[in-house]
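Novice: Below you'll find the structure I mean.
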Ligand SMILES: NC(=O)c1ccc[n+]([C@@H]2O[C@H](COP(=O)([O-])OP(=O)(O)OC[C@H]3O[C@@H](n4cnc5c(N)ncnc54)[C@H](OP(=O)(O)O)[C@@H]3O)[C@@H](O)[C@H]2O)c1
């Protein structure tokens with residue numbers, strides 16, 4: 006049994022799909038049926054979605070390192086099992102299943118669609134998944150820009166690294182999707198933050214709060230400052246040996262993308278004063294709630310670098326794949342009534 010749908014919800018919606026793994030051109034805008042919420046699901050009218058590195062990897066089937074094997078097994082070995090794409094969303098609840106108690110129609114919510122399908126006019130997601138009310142000071146586009154990078158930066162810095170006041174943090178990829186949050190959350194946790202990005206983005210990361218800035222196209226890696234307590238590499242740039250040279254004793258290196266080399270380094274941790282830590286960030290509602298509290302306390306704010314219409318999604322995917330986006334890439338989703 007599902008809840009009755011109010012009459013103003015249309016039968017059909019625009020939705021981004023890809024029926025095979027491939028370049029941005031496989032992303033197609035189609036007209037699809039509006040989903041009906043199950044008993045424990047909320048149905049949202051999506052106002053904004055975003056395109057992040059996970060969306061790019063899921064679209065292309067390009068999973069990094071040894072993650073390729075479990076990821077292909079999970080999402081489809083030769084072609085994607087689920088054609089709908091899009092992980093981050095922000096929208097308004099328009100209907101709820103009969104068991105839903107956390108949300109009601111009219112609520113402004115944002116989060117992560119773990120089964121995909123966020124880049125569409127409507128989306129049905131479980132009420133107990135990674136979903137939360139949008140902070141009052143954010144609009145839909147800002148809220149859609151928050152979950153992927155915000156959750157990753159929060160979990161890695163606050164929970165895994167236990168970054169503390171006066172510690173030194175090096176963020177590689179500081180102007181990118183995760184980096185913009187890592188810089189701001191690092192500052193909120195009291196760290197001294199050094200950001201690495203291209204020379205065109207140095208002023209941008211200074212404005213975000215980075216105490217020191219390094220242009221990767223001007224300064225060679227062996228001239229980067231050492232004595233770091235935590236290194237977050239969002240790009241997959243540093244080898245563990247190079248990271249250890251930049252760490253202080255007791256320091257920790259977090260490569261967000263990892264393969265056999267990083268696992269090998271992590272195995273040797275008991276014998277080393279400078280550790281390589283392998284972790285994945287969970288997508289949890291309680292962590293979204295922590296982000297909401299930090300946003301409400303003025304500790305950081307989402308940064309949107311690029312906005313596209315849903316029909317321009319191929320361009321958005323193309324940009325994300327360059328690894329040179331600045332902040333979040335948001336799709337303005339307009340669903341017909
Ligand atoms: N382990 C986990 O649980 C987890 C969770 C979430 C995400 N991830 C992974 O983390 C990564 C997050 O990436 P993202 O979305 O933040 O990436 P992104 O947005 O593509 O990163 C772009 C940033 O990297 C910089 N950059 C590009 N080339 C560089 C180079 N050669 N040297 C140094 N910096 C360079 C860019 O600077 P310029 O443009 O200024 O050059 C920009 O600051 C993804 O690969 C994702 O799969 C892992």
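In the numbering used here, the protein residues as written are 6 to 342.
Each residue gets a CB set at the ideal place from its N, CA and C atoms; glycine is no exception.
1) Can you give me the start and stop residues for the beta strand (DSSP E) that residue 314 sits inside?
2) At what residues does the alpha helix (DSSP H) containing residue 249 begin and finish?
3) In three-state terms, what does DSSP make of residue 190?
4) Take the Cβ of residue 57 as the centre, count every other Cβ of all protein chains shown within 10 Å, and call the residue buried at 16 or more, exposed below.
5) Measuring only the C-alpha atoms, how far is residue 198 from residue 219?
6) Pull up the distance between the alpha-carbon of residue 299 and that of residue 283, whole angstroms please.
7) What do you get for residue 132, buried or exposed, if any count of 16 or more other CB atoms within 10 angstroms of its CB means buried?
8) Is residue 19 buried or exposed, if buried means 16 or more other CB atoms sit within 10 Å of its CB?
9) If you run the structure through DSSP and keep just helix, strand and coil, what is residue 161?
10) Ignoring anything shorter than 3 residues, give me the beta strand (DSSP E) runs that lie fully in the region 55-130, in order along the chain.
11) When you compare only the Cα positions, how much space is there between residue 43 and residue 192?
12) May I ask you to verify whether the region 132-148 touches the region 306-319, counting CB pairs closer than 8 Å and requiring at least 3?
13) Can you name, in chain order, every residue of its own chain whose Cβ lies under 6 Å from the Cβ of residue 200, other than the five neighbours on each side?
14) May I ask whether a heavy atom of ligand 1 can be found less than 7 Å away from the beta carbon of residue 402?
15) Please tell me whether, using a cut-off of 7 Å, the distance from the CB of residue 19 to the nearest non-hydrogen atom of ligand 1 is below it.
16) Closest to residue 281 by C-alpha separation, out of 22, 270, 39, would be which residue?
17) Would you kindly report the start and end of the unbroken beta strand (DSSP E) that includes residue 219?
18) Using the C-alpha atoms, what's the distance from residue 125 back to residue 96?
19) I need the DSSP call for residue 52, collapsed to helix, strand or coil.
20) Just mark residue 279 as buried or exposed, buried being the case when its beta carbon has 16 or more other beta carbons within 10 Å.
21) Taking residue 149 as part of the beta strand (DSSP E), name the residues at either end of that continuous run.
22) Relative to the C-alpha of residue 161, which candidate in 40, 244, 261 has its C-alpha closest?
23) Is the distance from the Cβ of residue 336 to the Cβ of residue 313 below 8 Å?
24) Indicate, with yes or no, if ligand 1 has a heavy atom lying under 7 Å from the CB of residue 139.
25) DSSP three-state label for residue 284, please.
26) Please report the Cβ distance between residue 129 and residue 48, rounded to the nearest whole angstrom; I am assuming they are in contact, meaning their Cβ atoms lie under 8 Å.
27) Distance, Cα to Cα, residue 83 vs residue 26?
28) Closer than 7 Å: is that where the CB of residue 330 sits relative to any heavy atom of ligand 1?
29) In terms of alpha-carbon separation, which member of 205, 164, 181 lies closest to residue 194?
30) Across which residues does DSSP place residue 3 in a beta bridge pair?
Specialist: Let me lay it out:
1) 309-314
2) 245-251
3) helix
4) buried
5) 11 Å
6) 26 Å
7) buried
8) buried
9) helix
10) 93-101, 113-117
11) 41 Å
12) yes
13) 176, 179, 188, 210, 215, 218
14) Residue numbering for the chain in the displayed model covers 6 to 342; residue 402 lies beyond these limits and cannot be assessed.
15) no
16) 270
17) 217-220
18) 11 Å
19) strand
20) buried
21) Note, residue 149: premise wrong, no beta strand (DSSP E); alpha helix (DSSP H) at 145-149.
22) 261
23) yes
24) no
25) coil
26) 5 Å
27) 8 Å
28) yes
29) 164
30) Past the boundaries of the shown model lies residue 3; the chain is included only from 6 to 342, so the question cannot be answered.
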